[in-house]
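So the mapping is simple: my numbering equals the position in the sequence shown, first residue as 1, plus 842. Here's the structure we're looking at; comments come further down.
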Amino acid sequence: DPGIDCSNIERIKEVFEYSNQMAIAERHPYVGELVYTAFSGSHQDAINKGMKAAQVANHPVWEVPYLPIDPRDVGRSYEAIIRINSQSGKGGIAYILQQDYGLNLPRNLQVEFREDIQRITDVEGKELPSKRIHDRFIERYVTQPDARLRFVDHHTYPDTERKGQRIVAAEISDNGEIKRIEGRGNGPIDGFINALSHYLGIEMSVEDYSEHSLQHGSNAAAISYVETSYPGGKLFGAGINTNIVAASLEAIVSAANRVLEVKAGKA
């Protein structure tokens, strides 16, 4: 043991560069800006899976693909492990959204969103920062500023004519005009998508659904992810709300907006 303390290697780097007026190469062992960084899609996917496995195992021995040491052991962070450019895959994008913003994207949504990010990086030809990726996800799947439809409110009550069924009476905004729709199903999600399908004249159904909390506490916001099938394909939508049912219905409206974009040739 040479007795050298490397727990704050960033400070050592600063002193070296200031004292010697020399820049440290990006891939220099331990201290280089990119020494722990992966751009390749396959490498990012392996690191993403390895980090998740390490968290579950909670083993004292560090074993993560393409990372021979834990960057935190020398005062580095995980922030630069995965950076997104045109080479990046779904695993890297999913890792950034999970680590930085707590978004656990379903696998099929990872694939879908990766195609969108790929188009952006191909056009711009440069790396996308974490915030840009998150902003793009929220714009595309949650806020949808130019979308035709908005979820407003809903009520459900038992269907007295069909045992086990519920009627969903909902309000949506269609280009700013409030519309009332109604549908039947085995729950709010099923009834709402039936109502929206009838209103739009497009047969849609829910293929996959997942949700998770974004914060802790009784008033925490939750995000819902809904994969919707329609004649011609499948598309995801997402919704964020403190009411989990409302978040789910917002996600369905989000997916419907994307279906409308495809049919209008705008996607």
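Note that beta-carbon positions come from the ideal geometry of N, C-alpha and C, so glycine has one too. Being a predicted model, the structure only gives us computed values, none of them experimental.
If one requires a minimum length of 4 residues, the alpha helix (DSSP H) runs lying completely within the region 928–1012 are 932–943, 949–966 and 972–980, in chain order.
Residues Glu1045 of the same chain have their beta carbon placed closer than 7 Å to that of Pro1073, with the five preceding and five following residues left out of the count.
A distance below 7 Å between beta-carbons, with the five flanking residues on each side excluded, links Pro907 to the following residues of its chain, in chain order: Ala888, Ile889 and Gly892. Between Val984 and Ala1080, the beta carbon gap of about 5 Å places them in contact (Cβ cut-off 8 Å). For Leu1102, the enclosing alpha helix (DSSP H) begins and ends at Ile1086 to Lys1105. Annotation for Ile854: no beta strand (DSSP E) segment contains it, though the alpha helix (DSSP H) segment containing it runs Ile851 to Asn862. Counting along the chain, Leu1038 sits inside no beta strand (DSSP E); it lies in the alpha helix (DSSP H) bounded by residues Pro1030 to Leu1042. Within a 10 Å sphere around the beta-carbon of Thr1002 sit fewer than 16 other beta-carbons, which makes this residue exposed.
Arg1026 is bridged by DSSP to Ile1009.
Under the DSSP definition of a beta bridge, Ser1055 partners with Ala1064.
Secondary structure note for Lys1076: its beta strand (DSSP E) is the uninterrupted segment Gly1075 to Asn1083.
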